[in-house]
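**Q** For reference, the structure I am asking about is given below.
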Amino acid sequence: MKNLKLALFSLAFSLLMFTSCTNNEPVGENLQQTEESQSISTALGELRAKFNDSGNVNQSDNPTGNIVLDFCFDFVYPLTLSYNNGATVTVESLDGLIDIMLASTNELYINGIAFPFDVEVFNGDNNSIDIETIENEEEFVELLTSCEFDDFEACECFEDYNPVCVEINDPNGGSFVVTYPNACYAECDGFTAEDFIEDCQDDYYAGGGFECFELNFPISVVTEDGNTITINSEEELGTALYGVYVFDFVYPFTVTLENETVVTINGPEDIEAILIDCYDDYDNGGGDDCIECLDEPEDPVCVQYTTPTGETVIEVYPNACFAECFGFTAEDFVDCEEDNNPANCSEQELAAYLAQCEWNAVTSLNSNNQVLNFVFNSDGTVNASSDGASVSGTWQLASNPVSNEVFMFFVLSEPFGDISSLDWTVVSCSEEFIQLESTNEYLFLERNCE
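Residue 31 in the working numbering is what sits at position 30 of the sequence shown, and the numbering runs on without skipping anything.
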């Protein structure tokens with residue numbers, strides 16, 4: 002891993018390095034002629050909302066940590082701007098622009114720009130960052146209109162961490178990987194499952210930090226243009242990389258693991274090894290994080306959220322512990338009424354859910370709460386594995402048209418014979434979570450699309 006991609010460390014965010022003159026004197030003699038522009042005022046107002054008063058990126062508003070994807074576009078620097086008092090300023094980088102935005106007041110603010118200028122925009126047709134030239138105010142207005150700032154609605158995505166990755170081509174002919182916390186955030190940015198790359202492992206990202214280790218600051222990074230930046234916090238790291246596609250660490254540096262062990266990172270292979278361990282812990286754990294919820298009494302709760310397409314979804318969980326483990330809070334809970342109970346999904350819906358991804362499972366038939374893995378194929382075959390044991394078998398659905406109940410049956414050899422010996426009733430059913438019961442036994446399935 003010669004270069005760690007930007008999205009790998011979408012943590013919080015501080016300033017990129019660049020020099021900008023923000024006094025009220027003209028900068029240099031060869032400045033472009035500026036003209037008054039309502040669009041630059043609008044653009045800076047929208048961009049300012051992406052940062053807090055310290056100049057760090059608001060992480061909740063920037064799920065990818067990339068300015069083009071989270072905001073709409075990035076200016077290509079240097080950029081010539083003018084104040085409302087006629088003074089002109091050259092901005093050399095995003096850092097300088099942040100300084101200007103933070104220093105602006107009702108009495109002194111930017112209201113002009115020199116045309117033409119270039120911006121980096123996202124091209125959804127080929128998943129690339131393209132450079133576009135803005136020749137005049139009319140084209141600037143068209144750019145802002147395409148950003149749809151007025152129609153923007155925050156992504157109402159649940160906080161379950163199930164990362165998906167999208168590969169983007171950068172303007173220099175290279176590529177980088179953006180990691181989203183889950184598919185909901187990616188879809189909110191306009192991506193679909195067809196855009197997701199299969200291997201997210203090398204770009205494992207834990208939004209706001211890593212669950213399995215912490216960076217020990219200060220550290221230094223080298224950006225793609227050869228500049229070295231000293232970083233003193235996760236916030237500074239995120240903002241320093243907000244407009245960067247590729248970076249390298251300056252080695253060595255240290256990290257602290259979950260068990261408080263301090264590890265020295267001497268090169269890319271060391272950080273990659275830790276990331277793989279972190280990824281494997283998450284991936285192999287499957288439902289481990291929620292196993293403690295099995296000890297809680299069954300007391301179904303329903304949660305409601307809105308998808309990026311505006312669809313209202315209600316899901317049911319065996320108890321509040323499971324719902325909270327999946328990232329929901331009590332504020333998301335709604336009454337579980339008969340007409341919104343996801344247990345009423347049809348055979349066809351359940352079959353479609355099961356065939357989408359791998360499923361991690363826990364069952365009361367295993368006293369040690371061992372995690373099982375199932376891959377359901379649309380031809381009725383299933384692959385089951387656990388602790389090195391792997392078998393192939395079949396699965397089948399049936400329904401009772403009178404009671405609207407859906408049933409599930411397995412034909413599996415040992416060590417999964419106990420599951421095959423029972424007829425299972427679907428108690429709750431959603432894209433992410435399926436609960437099966439047979440008398441006093443249960444089988445919980447959680448989707449894993451890694």
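C-beta: ideal position from N, C-alpha, C; glycine also.
How about Asn228 and Tyr252: are their beta carbons less than 8 angstroms apart?
**A** One-based indexing of the sequence shown puts residue 228 at position 227. One-based indexing of the sequence shown puts residue 252 at position 251. Cβ atoms of Asn228 and Tyr252: not closer than 8 angstroms.
**Q** Would you grab the beta carbon distance between Val264 and Cys303 for me? Rounded to a whole angstrom, and I think it's under 8 angstroms.
**A** As a working note, residue 264 is residue 263 in the sequence shown. As a working note, residue 303 is residue 302 in the sequence shown. Incorrect: roughly 43 angstroms between the Cβ atoms, too far for contact.
**Q** Alpha carbons only, please: which of Val428, Gly87, Asp126 is nearest the one belonging to Glu108?
**A** Within the sequence shown, numbered from 1, the residue matching residue 108 stands at position 107. Taking only the C-alpha atoms, the option nearest Glu108 is Gly87.
**Q** On the CB-based measure, 16 or more other CB atoms within 10 Å of its CB, does Gly244 come out buried or exposed?
**A** To locate residue 244, count along the sequence shown from 1; it is residue 243. Flag for Gly244 reads buried.
**Q** Tell me where the beta strand (DSSP E) around Asp419 begins and ends.
**A** For the purposes of this step, residue 419 is identified with residue 418 of the sequence shown, where counting begins at 1. From DSSP, Asp419 is part of no beta strand (DSSP E) but of the alpha helix (DSSP H) over 418 to 421.
**Q** From the DSSP secondary-structure annotation, give me the bridge partner or partners of Gly239.
**A** Taking the sequence shown and counting its residues from 1, one reaches residue 239 at position 238. Answer is none; Gly239 lacks a bridge partner.
**Q** Span of the alpha helix (DSSP H) holding Thr330?
**A** In the sequence shown, the residue the question calls residue 330 occupies position 329. Careful: Thr330 lies outside any alpha helix (DSSP H) and carries neither H nor E.
**Q** Within 10 angstroms of its Cβ, does Gly239 collect 16 or more other Cβ (buried), or is it exposed?
**A** Counting from one through the sequence shown, the residue named residue 239 turns up at place 238. Looking at its Cβ environment, which holds 16 or more other Cβ atoms inside 10 Å, Gly239 is buried.
**Q** Which same chain residues, not among the five before or five after Ser83, have their C-beta less than 6 angstroms away from its C-beta?
**A** Here residue 83 refers to the residue found at position 82 of the sequence shown. The residues are Thr35, Thr89, Gly113.
**Q** Pull up the distance between the alpha-carbon of Asn384 and that of Asn374, whole angstroms please.
**A** For the purposes of this step, residue 384 is taken as the residue at position 383 of the sequence shown. For the purposes of this step, residue 374 is taken as the residue at position 373 of the sequence shown. Computed Cα separation, rounded: 8 angstroms.
**Q** Indicate whether Glu215 and Thr180 have their beta-carbon atoms separated by less than 8 angstroms.
**A** As a first step, residue 215 must be located in the sequence shown, where it is residue number 214. As a first step, residue 180 must be located in the sequence shown, where it is residue number 179. The answer is no: Cβ separation not under 8 angstroms.
**Q** Would you tell me roughly how many angstroms separate the C-alpha atoms of Asn449 and Asn378, rounded to the nearest one?
**A** On the sequence shown, residue 449 is found 448 positions in, with the first residue counted as 1. On the sequence shown, residue 378 is found 377 positions in, with the first residue counted as 1. C-alpha separation (whole angstroms): 15 angstroms.
**Q** Exposed or buried, which one is Gly97 when buried takes at least 16 other CB atoms within 10 Å?
**A** Position 96 of the sequence shown, counting from 1, holds the residue named residue 97. By the 10 Å Cβ count, Gly97 comes out buried.
**Q** Contact between the stretch 40 to 58 and the stretch 135 to 146 is defined here as three or more beta-carbon pairs at a separation below 8 angstroms; is this criterion met?
**A** Yes, they touch.
**Q** Run through DSSP, which three-state label would Glu452 get?
**A** In this structure the chain extends from 2 to 451, so residue 452 is not present and cannot be described.
**Q** Using beta-carbon positions only, say whether Phe254 and Asn217 come within less than 8 angstroms of one another.
**A** As a first step, residue 254 is located in the sequence shown; it is residue number 253 there, counting from the start. As a first step, residue 217 is located in the sequence shown; it is residue number 216 there, counting from the start. For Phe254 and Asn217, yes; Cβs fall inside 8 angstroms.
**Q** Rounded to whole angstroms, what is the Cα-Cα separation between Glu297 and Asp333?
**A** Taking the sequence shown and counting its residues from 1, the one referred to as residue 297 is at position 296. Taking the sequence shown and counting its residues from 1, the one referred to as residue 333 is at position 332. Rounded to whole angstroms, Glu297 to Asp333 spans 20 angstroms at the Cα level.
**Q** What span of residues does the alpha helix (DSSP H) with Val403 cover, start to end?
**A** One-based indexing of the sequence shown puts residue 403 at position 402. Val403 -> no alpha helix (DSSP H), and no H or E assigned at all.
**Q** Based on Cα-Cα distance, which residue from Phe445, Trp396, Ser391 lies nearest to Ala352?
**A** Residue numbering aside, residue 352 sits at position 351 when the sequence shown is read from its first letter. For the residues Phe445, Trp396, Ser391, the minimum Cα distance to Ala352 belongs to Trp396.
**Q** Just reading off the beta strand (DSSP E) that Phe166 is part of, what are its end residues?
**A** Here residue 166 refers to the residue found at position 165 of the sequence shown. Note on identity: in this sequence residue 166 is Cys, with Phe being the wrong assignment. Unbroken beta strand (DSSP E) run through Cys166: 165 to 170.
**Q** On the DSSP bridge assignment, give the partners of Tyr181 in chain order.
**A** For the purposes of this step, residue 181 is taken as the residue at position 180 of the sequence shown. Looking at the DSSP assignment, Tyr181 forms a beta bridge with Val165.
**Q** Could you give the DSSP three-state label for Asp100: helix, strand or coil?
**A** Looking up residue 100 in the sequence shown gives position 99. Looking at Asp100 - three-state DSSP - the assignment turns out to be helix.
**Q** Can you list, in chain order, the residues of its chain with a C-beta nearer than 6 angstroms to that of Asp71? Leave out the 5 residues immediately preceding and following it.
**A** On the sequence shown, position 70 is the one that residue 71 refers to. Contacts found: Asn63, Thr65.
**Q** In this structure, how does DSSP classify Glu108 when only helix, strand and coil are distinguished?
**A** Taking the sequence shown and counting its residues from 1, one reaches residue 108 at position 107. Here Glu108 sits in coil by DSSP.
**Q** Assign Val28 to one of two classes, buried (16 or more other C-beta atoms within 10 Å of its C-beta) or exposed (fewer than that).
**A** Taking the sequence shown and counting its residues from 1, one reaches residue 28 at position 27. With a pLDDT of 37 at Val28, under the threshold of 50, the modelled position of this residue cannot be trusted; read the value that follows with caution. Answer is buried; the Cβ neighbour count reaches 16.
**Q** Determine the direct distance from the alpha carbon of Phe52 to that of Ser400, and round the result to whole angstroms.
**A** The residue labelled residue 400 in the question sits at position 399 within the sequence shown. The residue labelled residue 52 in the question sits at position 51 within the sequence shown. The straight-line gap from Cα to Cα measures roughly 53 angstroms.
**Q** Roughly how many angstroms separate the alpha carbons of Cys213 and Thr382, rounded to a whole number?
**A** Residue 213 sits at position 212 when you count from the first residue of the sequence shown. Residue 382 sits at position 381 when you count from the first residue of the sequence shown. Whole-angstrom Cα-Cα distance: 36 angstroms.
**Q** Skipping 5 residues on each side, what residues in its chain have a beta carbon closer than 6 angstroms to that of Arg49?
**A** By 1-based counting over the sequence shown, the position of residue 49 is 48. Cβ neighbours of Arg49 beyond the five flanking positions: Met102.
**Q** Tell me, to the nearest whole angstrom, how far the beta carbon of Glu438 is from that of Thr426; I am working on the premise that it is less than 8 angstroms.
**A** Taking the first residue of the sequence shown as position 1, residue 438 is located at position 437. Taking the first residue of the sequence shown as position 1, residue 426 is located at position 425. Right, the Cβ-Cβ distance comes to about 5 angstroms (below 8 angstroms), so this counts as a contact.
**Q** State the Cα-Cα distance for the pair Thr91 and Glu149, rounded to the nearest angstrom.
**A** Along the sequence shown, read from residue 1 onward, the residue named residue 91 stands at position 90. Along the sequence shown, read from residue 1 onward, the residue named residue 149 stands at position 148. Each residue's Cα considered, the two are about 28 angstroms apart.
**Q** If you draw a straight line from the alpha carbon of Ser176 to that of Trp360, how long is it in whole angstroms?
**A** What you label residue 176 is simply residue 175 of the sequence shown in a count that begins at 1. What you label residue 360 is simply residue 359 of the sequence shown in a count that begins at 1. About 31 angstroms.
**Q** Excluding the five sequence neighbours on either side, which residues of its own chain have a C-beta within less than 8 angstroms of the C-beta of Ala356, listed in chain order?
**A** In the sequence shown, the residue the question calls residue 356 occupies position 355. Answer for Ala356: Phe377, Asn378, Ser379, listed in chain order.
**Q** On the CB-based measure, 16 or more other CB atoms within 10 Å of its CB, does Thr262 come out buried or exposed?
**A** Position 261 of the sequence shown, counting from 1, holds the residue named residue 262. Classification of Thr262: exposed, given that the 10 Å Cβ count is below 16.
**Q** In angstroms with no decimal places, state the Cα-to-Cα distance between Val428 and Phe197.
**A** Numbered from its first residue, the sequence shown carries residue 428 at position 427. Numbered from its first residue, the sequence shown carries residue 197 at position 196. Looking at the two C-alpha atoms, the distance is approximately 31 angstroms.
**Q** Buried or exposed: Ser422, going by 16 or more other Cβ atoms within 10 Å of its Cβ?
**A** Here residue 422 is taken as the residue at index 421 of the sequence shown, counted from 1. With fewer than 16 Cβ atoms within 10 Å of its Cβ, Ser422 is classed as exposed.
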